[in-house]
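Residue numbers 2 to 246, in the working numbering, belong to the letters of the sequence shown in order.
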Amino acid sequence: MKSSVIIPVRYESTRFQGKPLAKIKGKTMIQHVYERASKSREADKIIVATDDERIYKEVKNFGGEVKMTSKAHASGTDRVAEVAKDLECNFIVNLQGDEPLIDPSLIDDSLSFLKGNKEIKVCTFKKHISDHDQIHDPNVVKVVVDGNGFAIYFSRFPIPFPKGEKEEKISYYKHIGLYTFEREFLLEFSNLPPSPLEKAEGLEQLRILENGYKIKVLDTEYDPISVDIPDDIKRVEEAMNLRYK
2 MKSSVIIPVR YESTRFQGKP LAKIKGKTMI QHVYERASKS READKIIVAT
52 DDERIYKEVK NFGGEVKMTS KAHASGTDRV AEVAKDLECN FIVNLQGDEP
102 LIDPSLIDDS LSFLKGNKEI KVCTFKKHIS DHDQIHDPNV VKVVVDGNGF
152 AIYFSRFPIP FPKGEKEEKI SYYKHIGLYT FEREFLLEFS NLPPSPLEKA
202 EGLEQLRILE NGYKIKVLDT EYDPISVDIP DDIKRVEEAM NLRYK
């Protein structure tokens with residue numbers, strides 16, 4: 002069973018234009034993400050999906066595989082699906098292009114899980130929130146799961162709401178936004194119209210739940226440092242100094 006990691010990236014960004022090409026310790030961010038993903042033992046292919054010639058040329062320059070996609074896509078998943086439809090493989094990992102410290106074991110764990118559980122079509126990750134400020138941060142997506150580890154709901158707001166209970170006694174979980182799909186399900190998902198909850202929260206994974214499908218949520222201790230604004234570059238470099246010195 003073959004697997005591909007697809008990294009959707011675009012140049013335009015409201016808070017940080019051109020961030021895939023931002024330099025981090027001498028390399029562009031997209032090169033860091035690509036090289037981290039390449040350490041996966043389970044993935045057979047790593048591909049960058051972009052609509053920008055500058056990013057395309059950069060990936061070619063460092064020896065990576067890259068595909069040009071339509072500029073009309075509303076989401077990274079749609080960009081991933083465009084590339085996936087022409088691939089001969091069983092599983093697709095949708096890896097965010099703004100996580101230069103991504104742990105390749107997440108890729109391996111998710112692929113191993115789907116390969117061993119053929120009835121499950123998509124999985125992702127959650128991490129226990131220990132920083133109280135993150136509970137109320139709308140940029141940190143929270144997830145609640147059922148007794149079998151399937152997602153009940155994702156939200157930018159604190160879930161569950163602590164009615165009659167102290168917040169400190171409730172376990173909150175951050176959603177880690179790496180998705181691994183059975184390829185055919187990814188293509189089906191990308192053809193579904195945006196759903197009401199998805200539009201309300203700005204979270205496309207809710208489209209899966211609203212259409213009656215399940216998302217398996219695996220546990221991890223990986224805590225991402227995503228690059229959303231230029232100041233995040235310094236945080237990533239400091240983390241690299243600690244991890245890789």
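C-beta: ideal position from N, C-alpha, C; glycine also. As the structure is a prediction and not an experimental result, all values here were calculated from the model.
Practice task
Check whether the Cβ atoms of proline 225 and leucine 88 sit closer than 9 Å, and answer yes or no.
Solution key: No, Cβ-Cβ distance for proline 225 and leucine 88 is not below 9 Å.
Handout entry: Selection from Leu112, Pro139 and Asn242 that minimises the alpha carbon distance to lysine 3
Key = Leu112
Practice task
Could you give the DSSP three-state label for threonine 70: helix, strand or coil?
Solution key: coil
Exercise for the section: Please look up how many angstroms separate the CB atoms of alanine 44 and isoleucine 108, rounded, as I've assumed it's under 8 Å. Expected result: 6 Å
Problem - Alpha carbon of lysine 246 to alpha carbon of tyrosine 223, nearest angstrom - result: Any answer about lysine 246 is weak, because its pLDDT of 46 lies below 50 and its placement is not dependable; what the coordinates show is given next. Going by the C-alpha atoms only, they are around 19 Å apart.
Problem - C-alpha gap between asparagine 149 and serine 227, whole angstroms - result: The straight-line gap from Cα to Cα measures roughly 29 Å.
Practice task
Using the Cα positions of lysine 61 and leucine 187, report the straight-line distance between them to the nearest angstrom.
Solution key: 26 Å
Handout entry: DSSP beta-bridge partners of lysine 46
Key = Ser5
Practice task
Confirm, please, whether the CB-CB distance from methionine 30 to glycine 98 is below 9 Å.
Solution key: Taking 9 Å as the Cβ cut-off, glycine 98 and methionine 30 qualify as a contacting pair.
Exercise for the section: Tell whether a beta-carbon distance below 9 Å holds between serine 41 and proline 105. Expected result: yes
Exercise for the section: Mind checking which residues open and close the alpha helix (DSSP H) that includes valine 34? Expected result: 30-38
Problem - asparagine 242, DSSP secondary structure in three states - result: helix
Practice task
Let me know the alpha helix (DSSP H) ranges lying completely inside the stretch 99-155, each 4 residues or longer, listed in chain order.
Solution key: 105-117 and 133-136
Exercise for the section: Find the nearest neighbour of valine 218 within the set Lys58, Lys72, His74 and Ile121, judged by alpha-carbon distance. Expected result: Ile121
Handout entry: Three CB pairs or more closer than 8 Å across the stretch 124-134 and the stretch 53-70
Key = Short answer: they don't touch.
Exercise for the section: Compute the minimum distance between the beta carbon of isoleucine 130 and the heavy atoms of the ligand GDP, and state whether it is under 8 Å. Expected result: As for the ligand GDP, it is missing from this structure, which has no ligand bound.
Handout entry: C-alpha gap between valine 49 and leucine 96, whole angstroms
Key = 10 Å
Exercise for the section: Would you list, in sequence order, the uninterrupted alpha helix (DSSP H) runs of no fewer than 4 residues that lie entirely inside the stretch 211-238? Expected result: none
Problem - Inter-residue spacing [alpha-carbon to alpha-carbon] between glutamate 66 and tyrosine 180 - result: Distance between the alpha carbons of glutamate 66 and tyrosine 180: 20 Å.
Handout entry: Opening and closing residue of the beta strand (DSSP E) in which asparagine 95 lies
Key = Start and end: 92-95.
Practice task
May I ask you to list the residues that DSSP assigns as paired with threonine 181?
Solution key: Val94 and Cys124
Exercise for the section: Measure the C-alpha to C-alpha separation of lysine 26 and glutamate 239 and round it to an integer number of angstroms. Expected result: Taking the straight line from one Cα to the other gives about 10 Å.
Practice task
Just mark aspartate 52 as buried or exposed, buried being the case when its beta carbon has 16 or more other beta carbons within 10 Å.
Solution key: buried
Practice task
Starting from the C-beta of glutamine 206, find all residues in its chain whose C-beta is less than 6 Å away, skip the five residues before and the five after it, and write them out in chain order.
Solution key: Phe155
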